[in-house]
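Chemist: If you read the sequence shown in our numbering, its first letter stands for residue 293, the second for the next number, and so on. Yeah, the Cβ is synthetic: ideal placement off N, Cα and C, and Gly gets one too. Here you go, one structure.
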Amino acid sequence: MGRSNAAWPADLRLPLHGIRNEEIRLLGSGWNADAWLVPAADGEWVARLPKNEWARGETERQACLAPKLAAHGIPVPRDWSVVHDEQGNLVAGLYRYVEGEPAPGRGHALRSLVPVVAELLEAVHSVPTEEAFSCGAEHTDPWEGRWWPIIERHGKSLPPKSRAWVREAGGRLEMLCRSRRAPVLIHGDLQPGHLLLNERRDIVAVLDFSGPTVSDAAIDFGRLIQFWNHSFAERVLAAYTLPIDPGFRERARLYAALEPLRTIAFEAELGQNEWTAWARRKLAAAARTAATADENTSG
């Protein structure tokens, strides 16, 4: 999500030689940053331009964490660095461009994606948390640090049925979070565009670790439900060999179901409303589905 009317900042000075300015192009845009392809004399680079103060910190943390992830065999872009302006403000993150195709979001190709995503998540979730914390990773309690504040602040703006469902789902999530396993490093925003594949369908680059964040491993499986589907997430979980607790699957489902409320919260903070109507419709649909399930159960 996130859109941009971005224009390349002509006054940006990058530590690259032989930049071909006429070939610079926008690769992607999100709420917090725009990514640009920058061809230079020594190859192609990606410049990640943060849009706000939080994204500047995230970019610095990502640059710090990248070589540590690579040391654990996690395929991340090489040669990460950050660029500051004359006032010392971080204005860009730089890394080598990786040639690859975004992972498929549907279809028969998902079958071959299951084992590589499971292997990737095992590797990420096994990175020692002290390495992540040494780069300033955020330790986020999934309930008290994320969902409870969002539900309290933004749930009240929803229509009655959606509001009631969000409260009920939040109460269930709070209970399930009490028995979760120890927090791990998570990707936090796993989606097809953040996984680049080669022709053999191997992952050649994992992009945009969110935060980075140490939290509940089930959050990453919630992203699989959200951006792929529940069946895909289940198949990845079946191939995932790290231990999980009894409430893991339901937390993943709730994280995915509640995610539209986080969209509303993000847009409220940014003063935008491009996706808010969509998010409200998704929550209303979830409330209707839950009500139908309750009726079928009681009947």
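1. If you reduce the DSSP assignment to three classes, tell me which class A332 lands in.
2. Relative to the alpha-carbon of G322, which residue among R572, P434, E559 has its alpha-carbon at the smallest distance?
3. Cutting at 6 Å between CB atoms, please list the residues of its own chain near F540, excluding the five before and the five after it.
4. Within 10 Å of its beta-carbon, does T584 have 16 or more other beta-carbons around it, so buried, or fewer, so exposed?
5. Quick one: using the 10 Å Cβ neighbour count with 16 as the cut-off for buried, is K574 buried or exposed?
6. Taking C-beta to C-beta, are I442 and V458 nearer than 7 Å?
7. If contacts are defined as beta-carbon pairs under 8 Å, then L468 and R543 qualify, I think. What distance do you get, rounded to the angstrom?
8. On the DSSP bridge assignment, give the partners of R340 in chain order.
9. Under three-state DSSP, which class holds G594?
10. Might you give, ordered along the chain, the residues of its own chain that have their beta carbon closer than 7 Å to the beta carbon of W435, omitting 5 neighbours on each side?
11. Taking 7 Å as the threshold (beta carbon to beta carbon), is P475 in contact with chain B?
12. Is the Cβ-Cβ distance between T421 and V506 less than 7 Å?
13. Is the beta carbon of A299 closer than 7 Å to that of Y407?
14. From which residue to which residue does the alpha helix (DSSP H) around G514 run?
15. What are the boundary residues of the beta strand (DSSP E) that includes R317?
16. Does the distance from the C-beta atom of A339 to that of W346 stay below 7 Å?
17. Take A578 and list the residues in its own chain whose beta-carbon comes closer than 7 Å to its own, dropping the five residues that flank it on each side.
18. Contact check, A384 vs L304 under 8 Å by CB: the rounded distance?
19. Measuring alpha carbon to alpha carbon, tell me which of R317, W520, T581 ends up nearest K453.
20. If we ignore side chains and look at the alpha-carbon of each, how far apart do S418 and G397 end up?
21. Out of curiosity, what's the CA-to-CA distance linking F501 and E350?
22. Is it right to say D371 is buried, meaning 16 or more other beta carbons lie within 10 angstroms of its own, or is it exposed?
23. Which residue's Cα is closest to the Cα of P475: H431, D494, L516?
24. From L402 to V496, what does the alpha carbon distance come to, in whole angstroms?
25. The beta strand (DSSP E) with H632 in it runs from where to where?
26. By how many angstroms is the C-alpha of R472 removed from the C-alpha of V409?
27. So, do the stretch 357-365 and the stretch 311-318 have three or more beta carbon pairs nearer to each other than 8 Å?
28. Could you check where the beta strand (DSSP E) with V496 kicks off and where it finishes?
29. In the stretch 385-465, which residue ranges form an unbroken beta strand (DSSP E) of at least 3 residues, counting only runs that do not cross its ends?
30. Check the C-beta distance from A429 over to L546 and give it rounded, since I have them as a contact under 8 Å.
31. Whose C-beta lies closer than 8 Å to the C-beta of D481 among residues of the same chain, with five residues either side of it excluded?
32. Using the C-alpha atoms, what's the distance from D433 back to Q518?
Modeler: According to the structure data:
1. Within the sequence shown, the letter at position 40 stands for residue 332. Strand.
2. Here residue 322 refers to the residue found at position 30 when the sequence shown is read from its first residue. Cα-wise, what sits closest to G322 is E559.
3. Residue mapping note: residue 540 aligns to position 248 of the sequence shown, counting from 1. The beta carbon of F540 sits closer than 6 Å to those of A510, all from its chain and outside the five residues before and after it, given in chain order.
4. Counted from its first residue, the sequence shown places residue 584 at position 292. Around the beta carbon of T584, a 10 Å sphere encloses fewer than 16 other beta carbons of the protein chains shown; the residue is thus reported as exposed.
5. Indexing the sequence shown from 1 puts residue 574 at position 282. Buried: at least 16 other Cβ atoms inside 10 Å.
6. For the purposes of this step, residue 442 is taken as residue 150 along the sequence shown, with counting starting at 1. For the purposes of this step, residue 458 is taken as residue 166 along the sequence shown, with counting starting at 1. It is not a contact, given that the beta carbons lie outside the stated cut-off.
7. Position 176 of the sequence shown holds residue 468. Position 251 of the sequence shown holds residue 543. 5 Å between Cβ atoms; contact.
8. Against the sequence shown, residue 340 aligns to sequence position 48. The bridge partners DSSP lists for R340 are A327, G385.
9. Here the chain comprises residues numbered 293 to 591, so residue 594 is not present and cannot be evaluated.
10. By 1-based counting over the sequence shown, the position of residue 435 is 143. Setting aside the 5 residues that flank it on each side, W435 is surrounded in the same chain by L465, E466, C469, each with a C-beta closer than 7 Å to its C-beta; the list follows chain order.
11. No chain B is present in this structure, which holds just one protein chain.
12. Start at 1 with the first residue of the sequence shown, and residue 421 comes out as number 129. Start at 1 with the first residue of the sequence shown, and residue 506 comes out as number 214. In contact: T421 and V506 (Cβ atoms closer than 7 Å).
13. Here residue 407 refers to the residue found at position 115 of the sequence shown. Here residue 299 refers to the residue found at position 7 of the sequence shown. Note on residue identity: the sequence assigns Pro, not Tyr, to residue 407. Taking 7 Å as the cut-off, the beta carbon of P407 is found no closer than this to the beta carbon of A299.
14. Along the sequence shown, one-based indexing puts residue 514 at 222. Counting along the chain, the alpha helix (DSSP H) containing G514 begins and ends at 510-519.
15. Residue 317 sits at position 25 when you count from the first residue of the sequence shown. In the DSSP assignment, R317 falls within the beta strand (DSSP E) that extends over 317-321.
16. Taking the sequence shown and counting its residues from 1, one reaches residue 339 at position 47. Taking the sequence shown and counting its residues from 1, one reaches residue 346 at position 54. Result no, Cβ atoms of A339 and W346 do not sit closer than 7 Å.
17. Taking the first residue of the sequence shown as 1, we reach residue 578 at position 286. The answer, listed in chain order, is W457, A549.
18. Along the sequence shown, read from residue 1 onward, the residue named residue 384 stands at position 92. Along the sequence shown, read from residue 1 onward, the residue named residue 304 stands at position 12. Approximately 7 Å separates the beta-carbon atoms of A384 and L304; this is inside 8 Å, confirming the contact.
19. Locating residue 453 in the sequence shown gives position 161, counting from the first residue. Minimum Cα distance to K453 is reached at T581.
20. Position 126 of the sequence shown, counted from the start, is the residue given in the question as residue 418. Position 105 of the sequence shown, counted from the start, is the residue given in the question as residue 397. Straight-line Cα distance between these residues: approximately 25 Å.
21. In the sequence shown, counting from the first residue as 1, residue 501 sits at position 209. In the sequence shown, counting from the first residue as 1, residue 350 sits at position 58. The straight-line gap from Cα to Cα measures roughly 9 Å.
22. Position 79 of the sequence shown, counted from the first residue, corresponds to residue 371. Note on D371: under 16 other CB atoms within 10 angstroms of its CB, so exposed under the neighbour-count rule.
23. The residue you call residue 475 lines up with position 183 of the sequence shown. The shortest C-alpha to C-alpha distance from P475 to any of H431, D494, L516 is the one to H431.
24. Counting from one through the sequence shown, the residue named residue 402 turns up at place 110. Counting from one through the sequence shown, the residue named residue 496 turns up at place 204. Spanning the two alpha carbons is a distance of roughly 16 Å.
25. A query on residue 632 cannot be resolved here, the shown segment of the chain reaching from 293 to 591 and no further.
26. Numbered from 1 along the sequence shown, position 117 holds the residue referred to as residue 409. Numbered from 1 along the sequence shown, position 180 holds the residue referred to as residue 472. V409 and R472 have their C-alpha atoms spaced approximately 22 Å apart.
27. Between the stretch 357-365 and the stretch 311-318 there are fewer than three C-beta pairs closer than 8 Å, too few to call the two in contact.
28. By one-based count along the sequence shown, residue 496 stands at place 204. Residues 495-498.
29. DSSP runs (the beta strand (DSSP E)) wholly in the stretch 385-465: none.
30. Within the sequence shown, the letter at position 137 stands for residue 429. Within the sequence shown, the letter at position 254 stands for residue 546. Contact flag wrong, Cβ pair sits at about 23 Å.
31. Mapped onto the sequence shown, residue 481 falls at position 189. A distance below 8 Å between beta-carbons, with the five flanking residues on each side excluded, links D481 to the following residues of its chain, in chain order: D500, F501, S502, R515.
32. Here residue 518 refers to the residue found at position 226 when the sequence shown is read from its first residue. Here residue 433 refers to the residue found at position 141 when the sequence shown is read from its first residue. Q518 and D433: Cα-Cα distance of roughly 20 Å.
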